[in-house]
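Just so we're aligned, residue 19 is where the sequence shown starts under the working numbering, counting upward by one.
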Amino acid sequence: MMDEQRRNELLEAAQTGIDGFLRNALDNGDIDQQAYDQASRNVFPLLKQWMTDEHIPKFAPNLQEGICAAIEAAMQDDTRWVGIVNAFRQKARFGTGGIRGMMAFDLEAVEALQEQGISAPILKGPNTINDVVLMLTSAGVAQFGRAQDPPLEKVVIGYDSRVRGQDFARLVAQLFLHYGYTVYFFDEPCPYPEMTFAIPCDQIKGDMGILISASHNDYRYNGYKLSCSNGSQFDPEQRDKMYDDYIEKVTSADVALMAFEDAPQDKLIFLGGEEPVEGFDYLGREKQILNIHKAHTDHVKSFLLTPGLVEQQASADDPLSIAFCAFHGAGRRAVPRMLGEAGFRDVRIIKHGGLYNLNGLFPSFESAAGKEQQPDPGDERAARTAVAAYKADAEAGEFGSFDDVDILIGTDPDADRCGVIVKVPEDQRSIYGGQDWTLLPADSVWALLLWYRLEREIEQHGEVRDADKKFVVLSHTTSEGISLLARKYGLGIITTWVGFAALAAAVRDIWENKDFEQISEGRLVRPLSKQERQSPQAELCHSFVCNYQDMRPGQRSINLAAMEQSNGYSILGGAPPDDRSLGVDGHVRDKDGTLAALLVAEIAAWAKAKGTSIFELIDEHIYGDPEVGLFVNHYEPDPVDGEYPGIQGDAKKKDILRRALGYFQLALAGDFSIGGRKVTSAVIYRTGKYDKIYEPSYDYHFPDEGIRFYLADPDTGAEDPFSHVTVRPSGTGNSLRFHIQLRKADVGEDLIEHKRRLTTEAKTIADDLRVLLKAPRS
């Protein structure tokens with residue numbers, strides 16, 4: 019127990035140091051008044067609360083020691099106060115899918131976690147992901163569940179390859195056991211989509227699921243992904259009630275644990291495969307493992323459209339050659355298992371640099387301060403890492419040359435995202451910096467998946483059956499080329515805001531035949547009534563829908579694809595029999611990189627059998643189709659790596675958005691151009707969902723879904739509705755996304771030249787945008 023006098027001395031020093039740091043940051047312009055006021059209200063009171071809480075040491079024994087060490091270090095070095103401020107300036111933000119944030123702010127502290135365990139005495143606070151935050155959050159979630167009518171009873175708990183992920187998950191499971199839940203616990207790191215599949219599957223019929231994961235973020239991050247009984251994220255209304263009435267009110271006194279050893283046989287059930295995992299302690303319950311791997315694999319395989327694929331690949335003289343990179347993550351066994359069972363016999367698993375190993379430090383990626391890289395299969399640098407590692411493995415004699423590989427597939431640490439690398443024909447390599455390979459934009463991959471599945475149906479049945487009942491859903495930053503392709507086949511389209519929570523909510527409303535009015539750019543098409551105009555909500559967009567196109571209320575009900583630019587994909591199917599089930603002939607209501615990997619491999623095999631490739635299919639049937647046209651979708655995160663750090667980073671993000679909002683006004687006045695293209699109009703997408711974090715003021719409203727600038731057609735000068743630039747902020751992190759979409763309607767015989775021109779122009783626009791927003795890449 020800490021000496022009370024020493025604790026009081028440290029608290030007094032902390033209050034003085036924190037106040038001085040915040041005042042200097044405000045005076046120097048590093049933070050704005052709103053951030054200063056919020057931090058002044060929060061930092062010291064929260065720090066004092068954590069330092070004096072008598073219950074915290076019972077389940078986080080070294081936490082207060084770590085805070086004391088951080089205060090003592092800051093007393094010797096004023097630059098260290100920033101870490102304390104960032105750890106305590108707010109509570110971890112509870113977003114659409116749970117919470118996500120940094121476990122620690124530097125490599126040394128994360129390494130201490132890995133080496134010493136989750137009780138390592140590092141700096142922790144309510145704004146970092148740690149044992150206390152996860153326990154308080156879980157206690158609130160558990161209480162919420164038990165208060166429902168009927169009470170929630172079953173929870174599925176998993177984890178990916180993040181540092182100490184299994185230990186955090188076990189701690190969460192012990193709390194739910196104490197609250198009387200039946201816990202289904204994965205015996206090894208699992209894909210997020212396998213967890214979301216497990217919740218509603220017939221063998222479990224769970225009430226909710228939790229995955230300890232931060233998806234594709236860099237090694238410093240971890241998170242708490244929360245799913246409801248059908249595997250989707252909780253509805254906003256349920257989520258808000260869970261947070262406001264339970265998580266926000268819970269205290270450390272509500273935290274209690276039941277050890278796995280004390281759990282009754284029927285209350286703790288392990289999820290895994292056919293065989294026990296070496297080194298995992300099943301407490302003598304090895305014979306009771308529920309084989310969820312087989313159930314998930316069988317379900318994913320049911321979406322294949324090629325009869326006899328196993329036999330075809332087995333008898334082929336030159337079967338499809340697939341390289342696979344798990345990026346240190348949980349897809350390392352799931353994806354090869356699925357590919358193998360589907361008949362693909364030439365799967366080359368990349369292992370160089372430990373890419374196949376479960377290691378949350380992600381050693382194949384840069385970890386230096388300010389340059390932290392993400393294991394994101396949709397990132398060009400991650401693609402280069404995978405290709406270089408393959409070539410190193412090939413040189414070591416692990417398998418054949420990269421020249422022999424048809425396709426390289428990658429998944430992120432929780433395997434909900436899929437990236438696809440393909441070979442580039444020689445006559446187009448100059449567009450791709452002379453490389454013989456390229457990472458395909460997810461927009462192009464999803465468009466091809468949709469085309470393939472529709473064409474196979476036409477091939478088999480002579481038409482797209484029940485086309486008038488079918489539709490697709492995609493986020494507003496995903497290529498509109500997909501929308502044009504869908505319309506060509508008579509499908510309806512819903513465009514939502516970013517995130518699978520929005521995609522799933524939009525589909526759910528269609529399934530439930532909810533009445534809806536026509537929406538364009540997030541707002542009602544019809545004029546508002548006087549009462550509606552006077553409502554505080556009048557200026558806000560729809561909470562999850564951006565546009566409906568030909569959706570025909572009450573007629574369309576079958577979802578053929580749910581797609582995101584950020585490498586997320588699923589098929590939701592028809593209306594489910596109840597709200598606890600998957601859709602009819604549908605998959606999970608969140609993204610699944612393992613499903614995408616298998617379906618992409620199927621198309622690649624089909625293309626190879628016909629003497630062509632995925633790259634060539636996209637050129638011919640998507641870009642070369644005059645009803646769709648050539649789309650170039652260019653994406654850049656800002657900053658390029660990680661996020662702008664801490665409380666000063668929040669101010670940096672807001673400054674960039676203020677500039678973008680200023681250019682919005684210039685665009686409306688007709689006085690704005692980007693990269694040589696005149697801006698013809700602009701729109702702000704704001705739903706208000708982060709107004710509790712960024713409180714609206716007379717001079718600033720947070721544009722949570724972005725600001726879009728529409729560009730003129732360079733030939734006619736008229737507005738091109740399919741060419742635009744979108745600046746979109748993260749709501750829970752200090753980062754932004756820049757999306758540039760350009761289109762050439764009919765490329766004729768000049769596809770390659772138009773692709774070269776638009777690719778170059780998109781990069782020029784990105785360069786100019788960064789200059790205008792004062793957001794350089796370095």
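Note that beta-carbon positions come from the ideal geometry of N, C-alpha and C, so glycine has one too.
With a cutoff of 9 Å on beta-carbon distance, H652 and T777 are scored as near each other. An exposed status is given to Q573, since fewer than 16 other beta-carbon atoms sit within 10 Å of its beta-carbon. Between the stretch 294 to 302 and the stretch 214 to 225, the count of Cβ pairs shorter than 8 Å is below three; the stretches do not touch. A check of alpha carbon separations from E723 across N585, T513 and K66 identifies T513 as the nearest. Inter-residue distance for D610 and D432 is about 9 Å (C-alpha atoms, whole angstroms). Distance from the CA of Q67 to the CA of V61, rounded to the nearest whole angstrom, comes to 10 Å. Rounded to whole angstroms, the separation of the alpha carbons of S156 and D262 is 14 Å.
Excluding the 5 residues flanking it on each side, S419 has same chain C-beta neighbours closer than 8 Å at A412, in chain order.
The criterion of a C-beta distance shorter than 9 Å is not satisfied by A91 and S137. Here L558 has R704, T705 and G706 as same chain residues with Cβ atoms under 8 Å from its own Cβ, once five neighbours each way along the sequence are excluded.
Taking a cut-off of 8 Å on C-beta distances, the stretch 323 to 341 does not touch the stretch 382 to 389, as fewer than three cross pairs fall below it. Here Q108 is buried. Its C-beta has 16 or more other C-beta atoms within 10 Å. Taking C-beta atoms under 8 Å as the contact rule, A344 and G396 fail to qualify, at a distance of about 15 Å.
Rounded to whole angstroms, the Cβ separation of G428 and A406 is 13 Å, and the two are not in contact under 8 Å. L502 is classed as buried because its beta carbon has at least 16 other beta carbons within 10 Å across all chains shown.
Residue burial annotation: S741 is buried, with at least 16 other C-beta atoms found within 10 angstroms of its C-beta.
Bounds of the alpha helix (DSSP H) holding F194 are G183 to H196.
A straight-line Cα-Cα distance of about 35 Å links P139 and D673. Going by beta carbons, Q666 and I36 fall outside the 9 Å limit. Cβ atoms of G297 and S179 stay farther apart than 8 Å, at about 15 Å. For E498, the three-state secondary structure derived from DSSP is coil.
By the Cβ test, the stretch 533 to 541 is not in contact with the stretch 596 to 615, since fewer than three Cβ pairs between them sit closer than 8 Å. When Cβ pairs closer than 8 Å are counted between the two stretches, the stretch 317 to 324 is seen not to touch the stretch 369 to 379, the count staying below three.
In this structure, the alpha-carbon of P655 lies about 6 Å from that of F756. Following the DSSP letters along the chain, one finds A92 inside the alpha helix (DSSP H) bounded by residues L81 to Q94.
By alpha-carbon distance to P294, the top candidate from K305, E550, A110 and K409 is K305. The residues G290, G291 and E292, in chain order, have a CB closer than 8 Å to that of N309 in the same chain once the five nearest residues on each side in sequence are set aside.
The beta strand (DSSP E) runs lying completely inside the stretch 99 to 133 and spanning 3 residues or more are 116 to 120, given in chain order. Pairwise C-beta distances place the stretch 433 to 445 in contact with the stretch 609 to 624, as three or more of them are shorter than 8 Å. Collapsing the DSSP output to three states places K532 in coil. Looking only at D603, E498 and D608, the smallest Cα-Cα distance to C564 is reached by E498. The stretch 438 to 496 is shown to contain whole beta strand (DSSP E) runs of 3 or more residues at 455 to 457 and 488 to 493, in chain order.
Taken through DSSP and simplified to helix, strand or coil, L170 comes out as coil. For L357, the closest alpha carbon among the candidates H370, S339 and P663 is that of S339.
Beyond the five residues adjoining it in sequence on each side, R788 comes within less than 7 Å, by CB distance, of P794 and R795 in the same chain, given in chain order.
Note that the C-beta distance between D225 and S250 is not below 9 Å.
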